[in-house]
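Chemist:
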Amino acid sequence: MRKGIFRLNIILAALFFPFHFFAQEIRLELLKSISVSAKSFTTDATGNVYLIRGSNELIKYNASGDSVGIFNEVRRGRITQVDATNPLRVILFLAESGQVMLLDNLLSLKNQFRLTDMGIFNAPCLANSADGDIWVYDRYSCFLVESR
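Numbering of the sequence shown is given in the working numbering, commencing with residue 8 and proceeding in unit increments.
Next comes the structure, spelled out in structure tokens:
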């Protein structure tokens, strides 16, 4: 009896959930190219591109490829990471000094803080969280810390 029910479930699953895979042709078209030397780059959900040039210059390009903002901070050290998952709050991370800078959509400095003030002395990376906080990985304690 159990064998019959099991086979019936498989047959019903095959009837109601057919597994058809269709090959789709993907066409990519170059809209605009940006000819620039950059150390790193990232994008956001709205199509903006953020480039790190040199050691401490962040340049923002819109989806059309036009430069719409520049942030340059010479005194604090080298920019090691940019997180632009929230285009209204771009996070810059300077790992050498443990400095975190929060920029607005025009790349104006809105806030900054040091991770060492929070007791985090060796953070290799950080990221935006979905609720507006910042996730920081602390290498010494091997913990993921959420800062507010």
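Where is the CB? At the ideal position from N, CA and C, for every residue including glycine.
For Ile-77, count neighbouring C-beta atoms within 10 Å of its own C-beta (all shown protein chains included) and say buried if the count is 16 or more, exposed if not.
Modeler: Result: exposed.
Chemist: Can you tell which of Leu-109, Leu-95, Asn-112 and Asn-55 has its C-alpha closest to the C-alpha of Ser-71?
Modeler: For Ser-71, the nearest C-alpha among the options comes from Asn-55.
Chemist: My understanding is that Glu-47 touches Ile-33, with C-beta atoms under 8 Å, so please give their C-beta distance in whole angstroms.
Modeler: Glu is not the amino acid found at residue 47; the sequence shown has Ser there. Wrong, their Cβ atoms sit about 26 Å apart, outside the cutoff.
Chemist: Within a Cβ cutoff of 7 Å, which residues of the same chain sit near Leu-116, ignoring the five residues on either side of it in sequence?
Modeler: Met-108 and Leu-110
Chemist: So, for Ala-45: in the same chain, excluding its five sequence neighbours on each side, which residues have a beta-carbon less than 7 Å away from its beta-carbon?
Modeler: Leu-58, Ile-59 and Arg-60
Chemist: Who does Ala-134 pair with in a DSSP beta bridge?
Modeler: Trp-142
Chemist: Given a cut-off of 8 Å on the beta-carbon distance, is the pair Ala-102 and Thr-123 in contact?
Modeler: no
Chemist: According to the neighbour-count rule (16 or more other Cβ atoms, all chains shown, within 10 Å of its Cβ), is Gly-139 buried or exposed?
Modeler: exposed
Chemist: Thinking C-alpha only, which one of Val-97, Asp-90, Arg-146 and Glu-64 is nearest Arg-82?
Modeler: A check of alpha carbon separations from Arg-82 across Val-97, Asp-90, Arg-146 and Glu-64 identifies Glu-64 as the nearest.
Chemist: Under a three-way DSSP split, which group does Leu-101 fall into?
Modeler: strand
Chemist: Give me, in chain order, the residues of the same chain whose beta-carbon lies closer than 7 Å to that of Val-143; leave out the 5 immediate sequence neighbours on both sides.
Modeler: Leu-122, Ile-127, Ala-130, Leu-133, Val-152 and Ser-154
Chemist: For the beta strand (DSSP E) containing Lys-39, name the first residue and the last one.
Modeler: Lys-39 -> no beta strand (DSSP E), and no H or E assigned at all.
Chemist: Kindly indicate the opening and closing residues of the beta strand (DSSP E) around Thr-50.
Modeler: Boundaries of the beta strand (DSSP E) around Thr-50: 47-50.
Chemist: Please return the same chain residues whose Cβ sits closer than 7 Å to the Cβ of Leu-95, not counting the five positions on each side in sequence.
Modeler: Asp-111 and Asn-112
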